[in-house]
Each structure stands twice: as C-alpha cells, then as structure tokens.
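Just so you know, the sequence shown maps onto residues 125 to 464 in our numbering.
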Amino acid sequence: MSQTAKTRVLTGITTTGTPHLGNYVGAIKPAIEASQDPNVQSFYFLADFHALIKCQEPKRVQESRLEIAATWLALGLDTDNAIFYRQSDIVEIPELMWLLSCVCAKGLMNRAHAYKAAMADNEEAGNQDPDKGITMGLFGYPVLMAADILMFNANKVPVGRDQIQHIEMARDIAGRFNHLFKGQYFTQPEAVVDEKVEVLKGLDGRKMSKSYNNTIPLFSSEKKLQKLVRKIKTNSLEPGEPKDPDSCTLFQIYSAFASNEEAASLREQYAAGIGWGDAKNHVFEYLNAHLSAPRERYNALMEDPAHIEAILQKGAERAREEATITMDRLRSAVGLGRFV
Ligand code: TRP
C-alpha cells in the first residue's frame with residue numbers, strides 16, 4: 125500500500141507531567157499497537173506548545189518532554205515506522221494556527237469546554253472579571269490543536285472523551301477554510317474514543333490523574349513501586365473473608381496488565397479470601413516483572429538525551445518535509461504565495 129493510501133492516525137501528548145500507569149494503559153499502549161498496523165501511518169508528537177498554556181515552569185516543561193519521549197521509546201515505539209516529533213520543532217504549526225485563527229469564529233472558541241470551565245471557576249470564586257487569569261493561549265487552544273491535526277490531514281485522532289469537542293472544532297475550522305478558499309485543502313478528522321480502553325483508577329480509587337496526586341509513575345524504582353502498590357486503598361476485610369474484585373482498585377490495576385487467565389486466577393483467590401498484604405505483593409511482583417525491562421531502557425535513555433534528541437530531530441525532519449509543502453499550498457490559497 126502506498127504511503128498516501130494509509131490511514132493517518134495522529135495524537136499529541138501534552139508535556140506537563142511524568143507518565144503514569146494510567147497513561148500507559150489508556151494512551152501509550154494502544155498508540156504503540158496501532159502504529160504497528162501496516163495500513164496505518166501514525167504521527168505521535170509531544171504537544172509542548174500546548175504545555176506552555178498550563179505550565180510556566182521551564183524546568184518542568186523541559187523535564188517532562190524528555191521523560192515522555194524516553195517513555196515512548198522505552199516502551200518500544202518504532203520510530204522508523206511512526207513519525208515521532210516535538211510540536212515545537214514544526215514551526216509551520218503556529219504558522220498554520222494563524223491562518224486558521226483568521227477564519228475561525230470567536231464564538232466557536234467561546235463555547236470551548238476548557239475556556240468555559242475557567243470562566244465558571246472565576247464566577248464561583250466571585251471574581252468581577254470572568255476572564256481573570258485566562259490567557260489567549262487557553263482561549264485559542266483548540267485552534268492550535270486544529271493546526272496539529274489539519275497540518276498532516278489526519279483521518280483518525282485517538283483521544284480521551286474530554287477532547288472530542290476539540291476534534292469537532294477542527295472539523296468545523298477545516299470546513300470553513302475549504303469553503304472560503306474553494307478547495308479541498310483539509311481532510312475532516314475523526315475522533316476515536318476507545319470504549320474498551322479502561323480509565324485506570326489511582327491509589328485512592330478515583331481516576332488516576334496527576335491532578336489528584338494519586339498516580340503510580342510508570343518507571344518508579346522497584347522500591348517506590350512497592351511502596352505505592354502498598355498504598356492502594358483497599359477495604360478492611362480480613363484474610364479468609366471473600367473479597368469483591370469488581371469494586372477493587374488493586375484488582376483493576378492488575379487486570380489492566382495481566383492476561384485474562386491471570387486475572388481470572390486472582391479473581392478466584394479473592395473469592396477464596398486472599399489477604400490484602402498477599403494480594404498487594406502479588407500485584408507488585410507482577411507489575412515489577414513487566415516493567416523492569418522497559419524501566420532499564422528508560423533509565424538508559426534518560427542518561428542519553430543526545431540520542432533522544434537525534435530521534436526527535438529525525439521525526440521533525442520527516443514531519444516538516446510534508447508541512448513545508450502543505451504550507452506553501454496554503455499560503456498560495458490565502459494570497460501569500462511567492463511573486464514568481
Ligand atoms: N490537547 C490534547 C490533550 O490535552 C493534546 C493534544 C494537542 C492533541 N494537540 C493534539 C491530541 C492533536 C490530539 C491531536 O490531551
């Protein structure tokens with residue numbers, strides 16, 4: 125199948141945190157698997173321009189970019205196959221964002237969930253100005269995301285539920301541009317929300333998320349991993365009493381990694397009254413066995429940022445090869461082409 129006939133799958137990872145088990149199960153694992161499909165050309169990028177919206181700590185942003193890149197590589201992303209790059213290396217993206225901003229209705233952005241939530245917070249806090257503390261970055265966030273997607277004519281965009289609206293906005297903006305400039309400049313992207321992919325629970329039983337401070341970092345040291353698994357909230361049932369796996373965070377985390385047979389076997393042990401200490405040891409041993417090889421690769425990669433840099437540069441080169449051609453065409457479309 126030729127390059128152009130492949131389905132284009134694209135997704136961005138905002139670089140503000142340290143990857144945790146929930147990110148792995150919910151996003152990284154399915155993305156790496158999808159990139160192995162010969163009928164797919166995948167584009168995965170570090171959404172580091174997006175990171176600046178939420179985070180003005182340069183050290184944190186820089187660290188997170190390196191950690192996230194190292195994580196994807198350690199988990200086996202094949203970068204000969206997937207195009208893996210940093211958003212900020214593709215200077216054509218903010219350029220496209222401007223062209224899109226000039227056709228995007230402000231009213232559309234007024235309806236964005238993230239912006240509305242920020243205004244609602246202001247109202248709740250009793251602030252006179254509903255826009256207090258809201259930057260143009262936050263307001264225009266969906267236009268930047270549309271530029272990410274439309275630049276590479278992505279067909280499918282795997283995202284979490286909270287991002288569906290942004291894909292719809294990208295479709296809206298694409299349609300408006302095509303209509304105004306009378307051409308099929310952009311493909312309409314489609315959001316892909318995988319119902320099968322579980323939302324992993326964190327230490328306290330709520331969704332595993334950096335904002336709840338309840339995560340298990342993917343590449344914690346063995347000791348730290350053990351400590352965190354021991355912290356997973358369980359109930360007060362004694363050893364010997366049967367336990368319910370379906371309402372149990374420990375079991376949910378285990379089954380996100382284990383095979384069906386392995387999960388079924390732990391389920392039986394719950395019914396037979398396994399004690400929480402033993403169950404936690406079992407889960408820790410299992411996670412540790414599965415994470416120790418990628419953890420070693422991760423640690424080695426973190427020691428060699430030049431290697432990661434070279435991989436990302438190669439990805440940027442591949443992405444820009446296409447982005448420069450697309451931008452030439454778009455510049456001409458809007459009346460910014462060369463004179464000769
Ligand atoms: N906004 C997305 C998030 O927070 C990350 C992202 C940025 C993205 N650009 C994208 C996702 C383009 C998909 C496509 O999860």
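Beta carbons are placed, not taken as given, at the ideal position from N, Cα and C, and that holds for glycine.
Between the C-alpha atoms of residue i and residue j, what's the straight-line distance to the nearest angstrom?
| i | j | result |
| --- | --- | --- |
| V407 | L374 | 8 Å |
| G116 | M233 | The first residue shown for the chain is 125 and the last is 464, placing residue 116 beyond what the model contains. |
| T139 | M243 | 24 Å |
| K306 | D286 | 32 Å |
| N384 | E392 | 12 Å |
| N246 | Y239 | 11 Å |
| Y309 | N302 | 6 Å |
| G299 | M275 | 14 Å |
| E409 | A158 | 28 Å |
| R189 | G364 | 46 Å |
| A396 | K357 | 20 Å |
| T195 | E420 | 11 Å |
| F169 | N359 | 40 Å |
| Q312 | F263 | 22 Å |
Kindly indicate which residue of the options has the alpha-carbon position closest to the one of residue i.
| i | options | result |
| --- | --- | --- |
| E191 | S389, R444, P429 | P429 |
| A107 | S225, L349, V227, P162 | Any property of residue 107 remains undetermined from this structure, which presents the chain solely from 125 to 464. |
| F343 | R132, L199, L176, N302 | L199 |
| K347 | P182, N412, Q376 | N412 |
| S377 | L352, E365, P182 | In the sequence as displayed, the identity of residue 377 is Ile instead of Ser. Of the listed residues, the one whose Cα sits closest to I377 is L352. |
| A315 | E292, G329, H303, M426 | E292 |
| E319 | P282, A193, E445 | P282 |
| P143 | Y422, E445, G461 | Y422 |
| P341 | R132, V149, S225 | V149 |
| D370 | P363, L390, S360 | L390 |
| K183 | F167, A171, R444, G141 | G141 |
| Q289 | P266, K280, A271 | P266 |
| V317 | K438, N359, P154, K130 | P154 |
| M332 | A396, A443, A151 | A151 |
| F167 | A457, A443, S456 | A443 |
Compute every distance between the C-beta of residue i and the non-hydrogen atoms of the ligand TRP, then say whether any falls below 7 Å.
| i | result |
| --- | --- |
| L460 | no |
| Q287 | yes |
| A175 | no |
| A440 | no |
| D161 | no |
| V215 | no |
| T142 | no |
| L134 | yes |
| G261 | no |
| I258 | no |
| T450 | no |
Apply the 10 Å Cβ neighbour rule to residue i and answer buried if 16 or more other Cβ atoms are within range, or exposed otherwise.
| i | result |
| --- | --- |
| M260 | exposed |
| W222 | exposed |
| Y336 | exposed |
| K256 | exposed |
| E216 | buried |
| T448 | exposed |
| H237 | exposed |
| F381 | buried |
| C226 | exposed |
| L224 | buried |
| G146 | buried |
| D202 | exposed |
| L460 | exposed |
| M125 | Low confidence applies to M125: its pLDDT is 49, below 50, so where it sits in the model is not reliable, and the reading given next is rough at best. Answer is exposed; the Cβ neighbour count stays below 16. |
| L304 | exposed |
| A294 | buried |
| Q165 | buried |
Going by the CB atoms, is the gap between residue j and residue i shorter than 8 Å?
| i | j | result |
| --- | --- | --- |
| K355 | L324 | no |
| A440 | R210 | yes |
| A278 | R132 | yes |
| M451 | L220 | yes |
| L197 | L415 | no |
| I273 | L134 | yes |
| A171 | G136 | yes |
| C228 | I177 | no |
| P418 | Y394 | no |
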